[in-house]
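Taking it in order: structure first as structure tokens, then the write-up.
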Amino acid sequence: MQCSTQTRLRTRSKRVCRTARGRRGFSALELVISVSVILTMAALSLPSMARMRRFFQLSSTAAGVTNMVKFARFEAVRLNRSTPPLAWRTQPLGNTTVVWVDADGDGVLDNTEPQFVLPVEVQFLAQSAVPSATSMGFASTQVVSGPISFDARGMVDYGAALPVVYVMFFGFPSQPNEGFRAISVTPFGKTQVWIAERGGAWRRL
Numbered sequence: 007m008q009c010s011t012q013t014r015l016r017t018r019s020k021r022v023c024r025t026a027r028g029r030r031g032f033s034a035l036e037l038v039i040s041v042s043v044i045l046t047m048a049a050l051s052l053p054s055m056a057r058m059r060r061f062f063q064l065s066s067t068a069a070g071v072t073n074m075v076k077f078a079r080f081e082a083v084r085l086n087r088s089t090p091p092l093a094w095r096t097q098p099l100g101n102t103t104v105v106w107v108d109a110d111g112d113g114v115l116d117n118t119e120p121q122f123v124l125p126v127e128v129q130f131l132a133q134s135a136v137p138s139a140t141s142m143g144f145a146s147t148q149v150v151s152g153p154i155s156f157d158a159r160g161m162v163d164y165g166a167a168l169p170v171v172y173v174m175f176f177g178f179p180s181q182p183n184e185g186f187r188a189i190s191v192t193p194f195g196k197t198q199v200w201i202a203e204r205g206g207a208w209r210r211l
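The numbering of the sequence shown is our numbering, which starts it at 7 and goes up by one.
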């Protein structure tokens, strides 16, 4: 009987010891190792996260500018505007650029007119800084250097000039490896967003 009692006491003592150990949680060494692993994984993921951020920043910029072009075309049709045609315009704004719909046709940006401000890091780029527009497959392209005007039919108004496909390019000037975006506007007013890597060809986005 005494032996049985001693055995039960030893068993209970072992259980208490195990429970006490379990409640202690992580040791200092285990905590240091866990923190080191977390910091290493965070350091490895930061470059990819930064690149993903720039990818979406370029795409959202192209979408914002495209929306302004589409809205200018829509307003020209809605208002039956042909003389003068309704224009999409762009101008510097501090250290960035703003694009807007010149609803009243005075060539001046008003607070009430639809507008989109480009992020400071993203800029319009020249054709020489991006892949050739020939990979888009258009017969004739021209980089936008002024307003794009639309008539009451929603078609681009070229005035006395010959019809071409307007194109505009975006990117990070100091980081060409992050890729580029482009927007094309056909004579019929149709817009398309494009994507290209450095040294690659343009493809529809």
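Where a beta carbon is used, it is the ideal one built from N, C-alpha and C, also for glycine.
- Within a 10 Å sphere around the beta-carbon of F176 sit 16 or more other beta-carbons, which makes this residue buried.
- The C-alpha of V104 is placed about 23 Å away from the C-alpha of A202.
- Our two residues, T67 and A166, have alpha carbons roughly 31 Å apart in a direct line.
- Here the alpha carbon of L85 sits roughly 15 Å from the alpha carbon of P120.
- Under the DSSP assignment, L99 falls in the beta strand (DSSP E) whose first and last residues are 92 to 99.
- Taking C-beta separations shorter than 7 Å and ignoring five residues to either side along the sequence, the partners of M142 in its chain run S190, W200, W208, following chain order.
- Per the DSSP secondary-structure output, Y172 pairs in a beta bridge with Q148, V191.
- When T197, K196, Q181 are compared, the shortest CA-CA separation from R204 is found for Q181.
- At a Cβ-Cβ threshold of 9 Å, S151 and P90 do not count as neighbours.
- In the three-state DSSP reduction, S66 falls in the helix class (H, G or I).
- In terms of Cα proximity to L211, the closest of L64, L37, L35, S134 is L64.
- In the three-state scheme derived from DSSP, where H, G and I count as helix and E and B as strand, V75 is classed as helix.
- The alpha-carbon separation between G160 and G206 amounts to approximately 32 Å.
- Rounded to whole angstroms, V126 and Y172 show a C-alpha spacing of 24 Å.
- Taking A78 as reference, the option from A158, M55, F186 with the minimal CA-CA separation is A158.
- As the crow flies, the alpha-carbon of K76 is around 26 Å from that of A135.
- In this structure, R95 lies near G113, with their beta-carbon atoms less than 9 Å apart.
- Going by DSSP, T197 is part of the beta strand (DSSP E) stretching over 197 to 202.
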